[in-house]
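The sequence shown begins at 142 in my numbering and counts up one residue at a time.
Even glycine gets a Cβ: it sits at the ideal position worked out from N, Cα and C.
None of these values were measured; they are calculated from a predicted model.
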Amino acid sequence: MSTTTTAELLDPNSAAYKRARRQFYKTTKNRPTVDQDWTPFRAAEKRFKARFPPPDLSNVLDIAQLDESRQQELAQGVWQGSASPFEYRRLSGSSDACIIPAIPGLVILPSFLQPAQQRELVRWSLGKQAREPNPTNLDTHYHLPEDGLWNSYIHHKSVGEELTVQPKAIDSDVVEPPSSGPRQLIDNTPLSPENYRDLASTPKPLPAPSASVQPTPLSALLYKLRWANIGWYYHWGTKQYDFSRGKGEIDPQVRNICKSAVEAVDWNQVYDGTEDVEWDQSDPEWKSWRETYEPDAGIVNFYQTKDTLMAHVDRSEVCSTSPLVSISRDAESKTIQFYAKFSHAPARSPNQLYRPSDNALDDKMENDAGILVDLYVPRKCSATNRLITSKDHASVQIVIADVDANGRALGTSTTFALCGQVRSQGESDDSLNRLATRAGLLRNVWSYQK
C-alpha cells in the first residue's frame with residue numbers, strides 16, 4: 142500500500158491531493174457548521190491539525206527564510222512559512238536574536254546550537270537522561286532496564302538479541318483498571334506564592350501501573366518513550382511539582398546551554414518600553430538574569446514523525462517571570478514541532494515555525510495575559526486503543542448519558558470514540574456493543590463477536 146507524503150498533499154496537481162479533496166468534500170458535505178462557536182485557540186488548533194486542506198503557513202513566522210546559509214535546509218524540507226507575517230525585530234548587536242512586540246519577553250534564537258551540538262544533545266537525551274534515576278512516562282508501567290531503553294536497545298542489537306520488557310502490573314498489588322472512555326483532563330489550581338504551601342503539601346501518590354499493558358519487545362517499546370524528567374520531579378497526576386522527592390541532577394551540558402542562551406540576550410532591548418509592567422520585586426529581575434539565572438526543572442519530550450502535542454496551560458510555576466528556555470530539535474523534512482501563543486485580548490496572535498536548533502526564551506510575562514499552547518491529537522479510538530490520526534479522515538464520538546430510574550439525565554455520561562478505520566471496515570456496531578457491555582451499560586441485549 143502506497144503512503145501519501147506531505148509533499149504530495151501540498152501539490153494541487155498530484156493524485157494524492159485530488160483524492161484527499163474528494164474525501165474532504167465527501168466527509169464534510171453534511172457536516173453542521175460549528176466553527177463560529179470556536180474560541181481563537183480552537184480555531185487555530187483545528188486549522189493546523191487539518192490533513193486537508195493543508196494548513197496555510199503564510200501567517201507563520203519562518204526565520205530561516207531570512208538566512209542565506211539555510212536555503213538548502215529550506216529546499217530539503219516540506220513546510221515553509223513566511224519571512225514577515227507580523228511585526229518582529231532583530232536585537233541590535235545580534236544578527237540572529239528576534240523579538241515579537243506582541244509577546245513581551247519572547248526571544249527567538251535561530252540556529253543557536255551548531256549541528257554537532259544538536260547531535261550530541263540528542264545522544265544525551267536518549268542515552269543519559271532517559272534512564273534511572275530520572276522518571277520517564279514508561280517507568281510507571283514497565284520494569285525498564287537500569288541503563289535505560291536506548292542503551293539497552295543498542296547493546297542487545299549489537300549481539301543480535303531481542304529483550305522483552307515485562308509490565309509492572311504482573312507483580313503489583315495495585316493496578317489501574319482499563320479506561321472505558323476518553324482520557325480525563327486535569328484542571329488544576331494555578332500555583333502562586335500565596336497558595337504554594339497548601340499545594341506543595343497536597344498528596345501526590347505514584348500512579349498505578351496499567352492492567353492492560355502487555356510484555357513488549359524492547360525495540361517496540363522504544364517508540365513509546367514520550368518524556369524524561371529533568372531536575373525537580375513533575376507529577377503528571379496533579380500537574381504540580383512534587384518537591385518532597387528532592388531535586389534531580391541537571392546535567393552540566395544542558396545547564397550550560399540554558400545559561401548561555403539567557404546570557405546571549407540583551408534584555409535591556411527586550412524590555413525597552415515596558416516600564417509600566419509590574420514585577421514581583423521593586424527592581425525588575427531581568428536586570429540580573431545574566432548573573433542569577435539557573436535552570437532547575439524541565440522535560441525532554443520525544444516525538445515520532447506523526448506526533449503532536451496536547452494543548453495545556455502551564456500552572457505549576459511559582460515564579461511567573463523567570464526565564465523559560467525551549468529547545469527544538471527535529472527532522473524538519475519529515476515533521477514540524479510547532480508552538481503558538483494565544484492571548485486573551487487579540488483573536489490572532491503570532492505563530493512561529495520551529496526548525497532544528499531554533500531556541501526560544503520566554504520569561505512567562507505572558508502567563509497573566511495569555512497561555513502557552515501546544516498542539517496534539519487528544520483522543521484514542523475506544524475500540525482499538527490507538528490514537529485517532531489524520532489518516533482516519535474522520536471519527537465518531539458517542540456520548541451515552543447516565544439516567545435515573547425515571548429516565549432523567551443525571552449530568553454524567555460515558556464517551557466512546559471510534560476511528561475512521563473501524564467505521565470503514567463495518568465494525569462500528571460490534572465495537573460499540575462490546576464497549577457498552579464491558580462498561581455495564583448493556584446486559585443480555587446484543588451479542589458480539591468475542
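#### Entry: Length at least 3, wholly inside the stretch 353-415: the beta strand (DSSP E) runs in chain order
Counting only runs of 3 or more, we get 368-372.
### Task
Tell me whether Ser155 sits in a helix, a strand or coil according to DSSP, three-state version.
The sequence position of residue 155 within the sequence shown is 14, counting from 1. Looking at Ser155 - three-state DSSP - the assignment turns out to be coil, as it is neither helix nor strand.
### Task
Could you tell me how far apart the beta carbons of Arg264 and Asp288 are, in whole angstroms, since I believe they sit closer than 8 Å?
Stepping through the sequence shown from its first residue, residue 264 is reached at position 123. Stepping through the sequence shown from its first residue, residue 288 is reached at position 147. Your pair Arg264 and Asp288 does not check out as a contact, with CB atoms roughly 14 Å apart and the cut at 8 Å.
### Query
Out of curiosity, what's the CA-to-CA distance linking Phe189 and Leu366?
Position 48 of the sequence shown, counting from 1, holds the residue named residue 189. Position 225 of the sequence shown, counting from 1, holds the residue named residue 366. Between the C-alpha atoms of Phe189 and Leu366 there is a straight-line separation of about 24 Å.
### Message
Quick check on the burial criterion: 16 or more other C-beta atoms within 10 angstroms. Buried or exposed for Leu573?
### Response
As a working note, residue 573 is residue 432 in the sequence shown. Classification for Leu573: buried.
### Task
Could you say if the stretch 217-233 and the stretch 197-208 meet the contact criterion of at least three C-beta pairs nearer than 8 Å?
At 8 Å Cβ cutoff, the stretches touch.
### Query
Should Tyr166 go down as buried or exposed, given a rule of 16 or more other Cβ atoms within 10 Å for buried?
Translated into the one-based positions of the sequence shown, residue 166 becomes position 25. Classification for Tyr166: exposed.
#### Entry: Start-end ranges of the alpha helix (DSSP H) lying completely within the stretch 197-244, minimum 4 residues
Segments of the alpha helix (DSSP H) lying fully in the stretch 197-244: 212-217.
### Contact with chain C by Pro344, beta-carbon distance below 8 Å
Chain labels in this structure do not include chain C; a single protein chain is all it has.
### Query
Near Thr305, which residues of its chain fall below 8 Å by C-beta distance, leaving aside the five closest residues on each side in sequence?
The sequence position of residue 305 within the sequence shown is 164, counting from 1. Answer for Thr305: Pro356, Thr357, Pro358 and Leu359, listed in chain order.
### Query
For Pro266, does the three-state DSSP call read helix, strand or coil?
Counting from one through the sequence shown, the residue named residue 266 turns up at place 125. Note on identity: in this sequence residue 266 is Ser, with Pro being the wrong assignment. DSSP places Ser266 in helix when its eight states are reduced to three.
### Query
When burial is assigned at 16 or more other CB atoms within 10 Å of the CB, is Ile311 buried or exposed?
Walking along the sequence shown from the start, residue 311 turns up at place 170. Counting Cβ neighbours within 10 Å, Ile311 comes out exposed, since fewer than 16 surround it.
### Query
With which residues is Asn442 paired in a DSSP beta bridge?
In the sequence shown, counting from the first residue as 1, residue 442 sits at position 301. Trp368.
### Euclidean distance between Cα positions of Arg160 and Ala558
Position 19 of the sequence shown, counting from 1, holds the residue named residue 160. Position 417 of the sequence shown, counting from 1, holds the residue named residue 558. Pairing Arg160 with Ala558, the inter-Cα distance amounts to about 25 Å.
### Message
Determine whether the beta carbon atoms of Ile371 and Gly387 lie at a separation below 8 Å.
### Response
Position 230 of the sequence shown, counted from the start, is the residue given in the question as residue 371. Position 246 of the sequence shown, counted from the start, is the residue given in the question as residue 387. No, they are not a contact pair.
### Query
Rounded to a whole number of angstroms, what is the C-alpha to C-alpha distance between Tyr229 and Ala524?
Along the sequence shown, read from residue 1 onward, the residue named residue 229 stands at position 88. Along the sequence shown, read from residue 1 onward, the residue named residue 524 stands at position 383. Spanning the two alpha carbons is a distance of roughly 47 Å.
### Message
Going by DSSP in three states, Asp437 sits in which element: helix, strand or coil?
### Response
The count along the sequence shown starts at 1 and reaches residue 437 at position 296. The answer is coil: DSSP assigns Asp437 none of H, G, I, E or B.
### Query
Using the C-alpha atoms, what's the distance from Cys522 back to Thr578?
In the sequence shown, residue 578 corresponds to position 437, counting from 1. In the sequence shown, residue 522 corresponds to position 381, counting from 1. Counting only the Cα atoms, Cys522 lies some 17 Å from Thr578.
### Query
Where Asn292 and Pro348 are concerned, what is the direct C-alpha to C-alpha distance, given to the nearest angstrom?
As a first step, residue 292 is located in the sequence shown; it is residue number 151 there, counting from the start. As a first step, residue 348 is located in the sequence shown; it is residue number 207 there, counting from the start. Answer to the nearest angstrom: the Cα atoms are 26 Å apart.
### Query
Are there three or more Cβ pairs, one per stretch, closer than 8 Å when the stretch 389-403 is compared with the stretch 234-244?
No, because fewer than three Cβ pairs between the stretch 389-403 and the stretch 234-244 fall closer than 8 Å, the two stretches do not touch.
### Environment of Lys345 [buried if 16+ CB atoms lie within 10 Å]
Taking the sequence shown and counting its residues from 1, one reaches residue 345 at position 204. The residue in question, Lys345, is buried, as its Cβ has 16 or more Cβ neighbours within 10 Å.
### Message
Please identify the residue among Val441, Lys187 and Tyr412 whose C-alpha is closest to the C-alpha of Pro425.
### Response
The sequence position of residue 425 within the sequence shown is 284, counting from 1. When the alpha-carbon of Pro425 is set against those of Val441, Lys187 and Tyr412, the nearest one is in Tyr412.
### Close Cβ partners of Thr147 (< 7 Å) along its chain, the five nearest in sequence each way excluded
The residue given as residue 147 occupies position 6 in the sequence shown. If we look at Thr147 and ignore the five residues flanking it on each side, its Cβ neighbours are Val219.
#### Entry: Thr168, DSSP secondary structure in three states
On the sequence shown, position 27 is the one that residue 168 refers to. If DSSP states are grouped into helix, strand and coil, Thr168 belongs with the helices.
#### Entry: DSSP beta-bridge partners of Thr305
Position 164 of the sequence shown, counting from 1, holds the residue named residue 305. For Thr305, which the question treats as bridged, DSSP gives the partners Pro358.
### Query
Are there 16 or more other CB atoms within 10 angstroms of the CB of Trp430, so buried, or fewer, so exposed?
Position 289 of the sequence shown holds residue 430. Trp430 comes out buried.
### Message
Is the separation between the beta-carbon of Leu150 and that of Phe193 shorter than 8 Å?
### Response
As a first step, residue 150 must be located in the sequence shown, where it is residue number 9. As a first step, residue 193 must be located in the sequence shown, where it is residue number 52. Yes, Cβ-Cβ distance for Leu150 and Phe193 is below 8 Å.
### Task
May I have the straight-line CA-CA distance separating Val540 from Asn336, to the nearest angstrom?
Position 399 of the sequence shown, counted from the first residue, corresponds to residue 540. Position 195 of the sequence shown, counted from the first residue, corresponds to residue 336. Between the alpha carbons of Val540 and Asn336 lies a distance of about 37 Å.
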